[in-house]
Structures are given as C-alpha cells and as structure tokens.
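Protein chains in written order, with the working numbering: chain A, 1463 to 1776; chain B, 1463 to 1776. Here a beta-carbon is modelled for each residue, glycine too, at the ideal position from N, C-alpha and C. None of the values given here were measured: they were computed from a predicted structure.
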C-alpha cells in the first residue's frame, strides 16, 4: 500500500481553496508507489494527483519540482506541478510537503513492444534536450563513489563467486571514466513502472526523485536494462534496437558515446545490483523497503560482460 | 478563412527541430479566428496549435503569452505556450512571431445551457484569482477613454435616435467611476467563441489578446452579455443566474460590486456597441475586418437600462 499519511476529504476540501482547481468531487488513494503517499483527486475542474512526501523535506524538493515544471513547459510528457494562489508549487498538508499535478493518461506496461521502446527512446532524448536549459543542479547520489563505498560493505554478505564478480566489476568501472561524454539532467530511474504508456505513445514519465546531473547515455542504459531484458538477463534484440533507434531520431550519439556504450550498460546494471543488494542485506530500520531481487541485475551485468558488441544497436 | 500566412509542411518540419515536440505527422489550417493564422499540428508526440501573429509584433506578445503560461500553471483551463530549446515561448516562422500551444479539447457552443454558464462563471472567477500573482501589466485599450473618443467620431454616422442613445450612455458612464471595485487581470473578450466547451466542462479559454488589467466584474459583464442574451437583447434569466452563481462559488462579490453591477453590464454592452459601430463605419484600409452587427449590443444595452434589478442574480 502506498497511503502512509491519510487525507480526509474534509481536510482536502479546505486545502484545495488555496488553489484554482475547483471543488472536491472524489478522493481515492493510489496503491502504486513505495516512497510517497499518492491520491487521485477529482474536482469540478479536472483530475489531479496529490503527492505527500514521506521522506523528502520541502527544502529538498525544488530541484525535482522545478525540473518537472521545466520539462512539461517544453512539451515533455510528464506531470506539471500546479501552483497555488501564492504562486508556490510546494505546499503542505497533514504535516507533509505536497505537490498536486495534472493527471496523466496511460499505465505502465509489463512487456513493452518494440514500438513502445522506440517511443520511450525518442521521449528520453527529447527530455535530455529540453533539460539543457534547466538551471538546477544535483549530484547523482547513486554514482560510482556511492556504489564503490557500498560494495565494500556488501562483500561480507556474498558468497565467493558473487563477491568476486562484484569486486571485478567495481574495479573495471573505476578504471573507466565517462567525464568526456555529454552530460545533463537525467531521470536515472526510468524503469517500466515509471512510464505511463498510452498505447504506443508515452503518456508520461513519473517519479523524478532520482533525477540528477550525469552522463546522458547512463539514463539510456538504465532504461534499456529494464525495458529490454529477459528473465535470464539476456537482452531482447528487437527492443534494444528500437529504444536506441528511437533515441537517435532526436539525439544521435557521438563516437565517444558509442565507444563507451558497453561499459555504460554494465555501469547501469551495477548501480541497481548494488542498490538492491544494499536494500536486501542492510534494510534501514523503520523504513518501508521493498526488497527486489538483486540477481536480476547481476544476470544483466553478466550478459553485457559477455556481449561486447552492444553498440550494434546504434 | 484564417490562414493568412501559409506554412508548408517542410518549413514546419525544420522549425519543429527547435522544440522537444517530435516530428511532424499532420499540418492543417484552422478556419476559425479572424486576426491570426492558426494551424492544427500533429506530431509523433501529440497535438498542438501553431499561431502566427499577423498584426501583433513579437515585442507586444510577452504580456499575453506569459499570462497564458501563468494561468495554465495554476490549473486554469487555457492553452499553455510551449518553450523551445532556447527556453523561449515566442519564436518566429515565415516572418511572423509564433507560439505553439497544447491542443485543447472541446468546441464553442452556440446556445449554452445553464450548467455550461455555471462552469464558465466558476472558471472565470478562478482565472481572476489565479491572476492575482501575475506580474504583467496592460492598460485596457478599449476602456472608457477609448469609447468616449470613438463615440465623438461616430455620432455623424448615426440617425438621431441612435446618436442620442449613444451620447446619453457615454455621458452616464462618464459620471460613474468603478475605481473602487476589485481589479486585476481580465480576459475582456470571453464570448462564446473564445471558450471551448467539453460537455459541461470548460475545455479552455482561448484568444487572450484583449486581456488587460481592469475591474474584475467588467469581465463577468462582458461574458454575461454574450452568453446569456437573446436575439431581442433580453437576458435569459436562468443562464444569467447560473453564470453569476458559478462565479460566486469561487469569488463572492462585495456590496460595492453588486451596487455597480447594472452600470457595469451597460458599460460592457457599450464597449462592444462602440467597437462594432467603429468597425462598421470606419473600417481600416488593408485590414481584414469582420463587421458584426452593432445593434446586438445596442439592444442589450437598452435592456439593461430598462432593468435596473440585475443584482438579483447574486
């Protein structure tokens, strides 16, 4: 469940007076989402999603909220945070920082088609281009220095083979620099469950709370690993081709990006292998953590390590 | 017809590269509108309206374009101008200043229902509230000083009875000041053809190019005169009641506004009687003018002059 903070209709009725969104018609908790409380809100004027932030503080939100507003303003399919009558996008309710955004059509897909992967790649590249004029800055909290430090605390939990594979990959990544590649604002978590699909069109990207400044093709690699992988860690060739082709219809990769592509796919797999290992072996006390199988990304990593030719998709 | 400047698909294909909106799928001229060129644009990403401004210069646009963006950002049903990759909402194409906005659902209605009038009143009041934080300023170019000056040049074209009625109304309005009433950003031209209705919901307000700072209930009076009038100039009681009730669900009128209401309805009728007389008798050379019957507003004015009790709708 994902309603951690309960909102009563009467609370919301009063709160909505701070906005130009009409009167409450229906309020319904949204089951999806593991970090924040989300409600579907229908008013006399339209449909919206209300988010109450359970861990992020109001002071931490502007980077993400301004980014969503910036991207929506440029036509990127994502929710647009609505300003209240004081012209502020971040408000509060029941002791939690809040935003309210327009409702997006669509739903996540479990097994995307090649056409959907093509649309995802194109929209991701559009997002990277639109992000060029975004002024906000955020370091990637899950970058190489994070996974390097985390790994040293994880080896003791792993069997010898897994520890060896992890140690080798952390070492290999540490010997590869990506600083010369085009960078900018990335979503950094664009898994299938963070993209609403409306048929073959992108209904919207959601959950921007890992967004940061980093290498652009790291974002593409993160998405590809989730959108195009099979249960055994192999990559579906048609989907991988489609996501990369779609991306390049908007932003063609340069040679340095193509040269780094295989290592980037491995880095993207490593990042989630480590974070899932971390959540598995070192869950935070009092934190609602959904443990997901780390081995999924271990297998994807092994697949990329064995297939050095992934730049063929470009 | 309202395509004054032709846009070829190949021109637009290149132009769209300045945005994050995908590739052109279909381009179609829009017949509605008498001042600017409008195209319906479908891309791989969505549907939009492209406007080429035929008379307004780029330097005159920021007040209107920023206002639309501000209102959309607050959840008001209106088109949101999309920024290009240089983060600018105003661009140019074929020598004309341009904007491109998201497509709005709905269509104008000829004979609105009471429920539609209620929705209009409520959304108008929401717009007035959301406008409170808008920083732009614009004098009303069709205010009392304009109609006073225009009338002196029109008397010679009118028969004695019409000239006498016009002179009397201009005089009466000159003796009434509205400076003490709440003022703010108004649309100032919210006729039925500038509101897209999606069933009983407001799909969107369009055509903000008469928007300005003025007395708020002047806006309500302008809308009521168009939305609620019958061919003989009488006002449909149910519709008038609905628009005023809808407005007050969001922003209740104060006593001074109610006291001024009948004079405001007359002022709103006078403004369009005079501008239509002007377009009829003094069309500008080389300007594409659609002459509309001035007598419509002369009859509405006469009706309000005979019915001093219009504050009953509040």
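Review point. For residue 1513(B) versus residue 1561(B), is the C-beta spacing smaller than 8 Å?
Key: Cβ distance < 8 Å, so residue 1513(B) and residue 1561(B) count as in contact.
Exercise for review: Please look up how many angstroms separate the CB atoms of residue 1563(A) and residue 1596(A), rounded, as I've assumed it's under 8 Å.
Suggested key: Contact flag wrong, Cβ pair sits at about 18 Å.
**Study point:** Other residues of its chain near residue 1772(A): CB distance less than 8 Å, five sequence neighbours each side excluded
**Key:** 1697, 1702, 1723, 1724, 1727, 1766
**Study point:** Neighbourhood of residue 1671(B) by C-beta distance below 6 Å, restricted to the same chain and skipping five residues each side
**Key:** 1526
Point to revise | Under 7 Å by beta carbon: chain B residues contacting residue 1549(A) | key: Within 7 Å Cβ-Cβ: 1595.
Check your understanding: Under 7 Å Cβ-Cβ, which residues of chain A neighbour residue 1481(B)?
Key -> Contact of residue 1481(B) with chain A by beta-carbon distance below 7 Å involves 1537.
Point to revise | Strand pairing of residue 1543(A), partner residues [DSSP] | key: 1563(A)
Check your understanding: Would you say the stretch 1581 to 1593 of chain B touches the stretch 1703 to 1718 of chain B, given that touching needs at least three Cβ pairs under 8 Å?
Key -> yes
Check your understanding: Which residues bound the alpha helix (DSSP H) around residue 1624(B)?
Key -> Looking at the DSSP string, the run of the alpha helix (DSSP H) that includes residue 1624(B) is 1622 to 1636.
Review point. How is the alpha helix (DSSP H) around residue 1724(B) delimited, first residue to last?
Key: Unbroken alpha helix (DSSP H) run through residue 1724(B): 1717 to 1743.
Check your understanding: Which residues, taken in chain order from the stretch 1700 to 1732 of chain B, show a beta carbon closer than 7 Å to some beta carbon of chain A?
Key -> none
Point to revise | 8 Å Cβ cutoff met for residue 1570(A) and residue 1490(A) | key: no
Exercise for review: Have a look at 1488(A), 1590(A), 1673(A) and flag the residue whose alpha-carbon is nearest the alpha-carbon of residue 1475(A).
Suggested key: Answer by Cα proximity: 1488(A).
Point to revise | Pairwise C-alpha distance: residue 1627(B) and residue 1536(B) | key: 42 Å
**Study point:** Beta carbon proximity, residue 1605(B) to chain A, threshold 8 Å
**Key:** no
**Study point:** Residues that DSSP places opposite residue 1660(A) in a beta bridge
**Key:** Answer is 1663(A), bridged to residue 1660(A).
Check your understanding: Going by the beta-carbon positions, is the gap between residue 1700(B) and residue 1673(B) smaller than 8 Å?
Key -> no
Check your understanding: In chain A, which residues lie with their C-beta within 9 Å of the C-beta of residue 1746(B)?
Key -> Chain A residues near residue 1746(B): none, gap ~36 Å exceeds 9 Å.
Check your understanding: Does any CB atom of chain B fall closer than 8 Å to the CB of residue 1544(A)?
Key -> yes
**Study point:** Within chain A, partners of residue 1569(B) - CB distance below 9 Å
**Key:** By Cβ distance, chain A contributes nothing, its closest Cβ being about 18 Å from residue 1569(B), past 9 Å.
Check your understanding: To the nearest angstrom, how far is it from the Cα of residue 1520(B) to the Cα of residue 1502(A)?
Key -> 40 Å
Review point. Can you name the residues of chain A whose CB is closer than 7 Å to the CB of residue 1591(B)?
Key: 1482, 1547
Practice item. Could you tell me whether the Cβ atoms of residue 1497(A) and residue 1467(A) are closer together than 8 Å? Key: no
Review point. Residue 1764(A) versus chain B: which residues are under 8 Å apart at the beta carbon?
Key: For residue 1764(A), there are no neighbours in chain B by C-beta distance under 8 Å, as the nearest C-beta there is about 36 Å away.
Review point. Along the chain, where does the beta strand (DSSP E) that runs through residue 1675(A) open and close?
Key: Where residue 1675(A) is concerned, the enclosing beta strand (DSSP E) stretches over 1674 to 1677.
Point to revise | 7 Å Cβ shell around residue 1553(B) - same chain, five flanking residues per side excluded | key: 1480, 1546, 1560
Review point. Fully enclosed by the stretch 1497 to 1561 of chain A, which beta strand (DSSP E) runs are 3 residues long or longer?
Key: 1499 to 1505, 1509 to 1514, 1553 to 1555
Check your understanding: With a CB to CB cut of under 6 Å and the five nearest residues on each side skipped, what residues in its chain are close to residue 1683(B)?
Key -> 1726, 1727, 1730
Exercise for review: Output yes if chain B places a C-beta closer than 8 Å to the C-beta of residue 1673(A); else output no.
Suggested key: no
Review point. Taking buried to mean at least 16 other C-beta atoms within 10 Å of its own C-beta, is residue 1692(B) buried or exposed?
Key: exposed
Practice item. Taking only the alpha-carbon atoms, compute the straight-line gap between residue 1638(A) and residue 1549(A) and give it to the nearest angstrom. Key: Linking residue 1638(A) to residue 1549(A) through their CA atoms gives a straight-line distance of about 45 Å.
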